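What follows is a single structure, written as structure tokens, with notes after it.
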Amino acid sequence: MTEQTLKADLRLNLQDARDALLWKLQGLSEYDVRRPMTPTGTNLLGLVKHLTGAEAFYFGTVFRRPCPAPPLWITGDAEPNADLWARPDETRERIVADYRRVCAHADGTIEARVMPGSGSAMSPGSAVLGGARGGWGGRRCIRAC
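Residues 0 to 144 (numbering that gives the first Met the number 0) make up the sequence shown, in order.
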């Protein structure tokens with residue numbers, strides 16, 4: 000498989016997962032996208048926030064191509080899992096716009112980086128694109144390890 004084929008496959012799988020996530024928000028009321036669905040308070044907008052952070056980290060920090068002005072969902076004094084629910088002052092439009100912006104940056108990272116095979120996802124700058132795809136949090140994603 001060529002590098003361009005690997006990149007195209009990765010982008011296709013990521014885009015399918017992204018589209019499915021955003022599709023879940025379509026037609027829902029503001030109440031429904033914010034309604035806690037688990038004991039931790041996780042809601043649909045929170046899942047979008049969480050995946051925004053995941054893509055910003057994996058395709059930004061790990062690959063030493065930091066996302067400009069990444070949304071910082073969690074601060075030192077934030078509640079645990081604060082990226083899994085939306086605060087009243089966070090609009091659906093803003094959360095989705097941040098997600099789309101980070102996804103575009105991730106796509107740029109995929110295009111800009113070489114895909115030789117494997118690397119370590121936990122050491123910023125040492126990961127490479129390619130390798131094993133696996134399920135994570137109900138979505139397909141690329142593991143950079």
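A virtual CB, placed ideally from N, CA and C, is assigned to each residue, including glycine.
Fair warning: this is a prediction, and the values are worked out from it, not measured in the lab.
Could you give the distance in angstroms between the alpha-carbon of residue i and the alpha-carbon of residue j?
{"i": "P67", "j": "Y30", "result": "31 Å"}
{"i": "G118", "j": "Q3", "result": "Reliability of the predicted coordinates at G118 is poor, the pLDDT of 44 falling under 50, and no value is obtained from them."}
{"i": "M152", "j": "R33", "result": "What the structure shows of the chain is the stretch from 0 to 144, and residue 152 is not part of that stretch, so it cannot be assessed."}
{"i": "A103", "j": "G40", "result": "28 Å"}
{"i": "A111", "j": "L13", "result": "16 Å"}
{"i": "K48", "j": "D82", "result": "6 Å"}
{"i": "R100", "j": "F62", "result": "17 Å"}
{"i": "L27", "j": "D8", "result": "31 Å"}
{"i": "T108", "j": "K6", "result": "10 Å"}
{"i": "R91", "j": "W22", "result": "13 Å"}
{"i": "T60", "j": "A105", "result": "11 Å"}
{"i": "M36", "j": "I94", "result": "18 Å"}
{"i": "P79", "j": "L11", "result": "32 Å"}
{"i": "R64", "j": "F58", "result": "7 Å"}
{"i": "E89", "j": "P38", "result": "21 Å"}
{"i": "V150", "j": "L46", "result": "Nothing can be reported for residue 150, as the shown portion of the chain is limited to 0 through 144."}
{"i": "P87", "j": "N42", "result": "12 Å"}
Counting along the chain, where does the alpha helix (DSSP H) carrying residue i start and finish?
{"i": "E110", "result": "R91 to A111"}
{"i": "A85", "result": "Element bounds for A85: n/a, residue is neither H nor E."}
{"i": "Q3", "result": "E2 to W22"}
Kindly say whether residue i, judged by its beta-carbon, lies nearer than 7 Å to any beta-carbon of chain D.
{"i": "P67", "result": "Absence of chain D from the displayed structure is noted, only one protein chain being present."}
Between residue i and residue j, is the Cβ-Cβ spacing less than 7 Å?
{"i": "L44", "j": "A85", "result": "yes"}
Since residue i and residue j should fall inside the 8 Å C-beta cutoff, what is the C-beta to C-beta distance between them, to a whole number of angstroms?
{"i": "L50", "j": "Y98", "result": "7 Å"}
Any contact between the segment 43-54 and the segment 7-21? By contact I mean 3 or more CB pairs, one from each, below 8 Å.
yes
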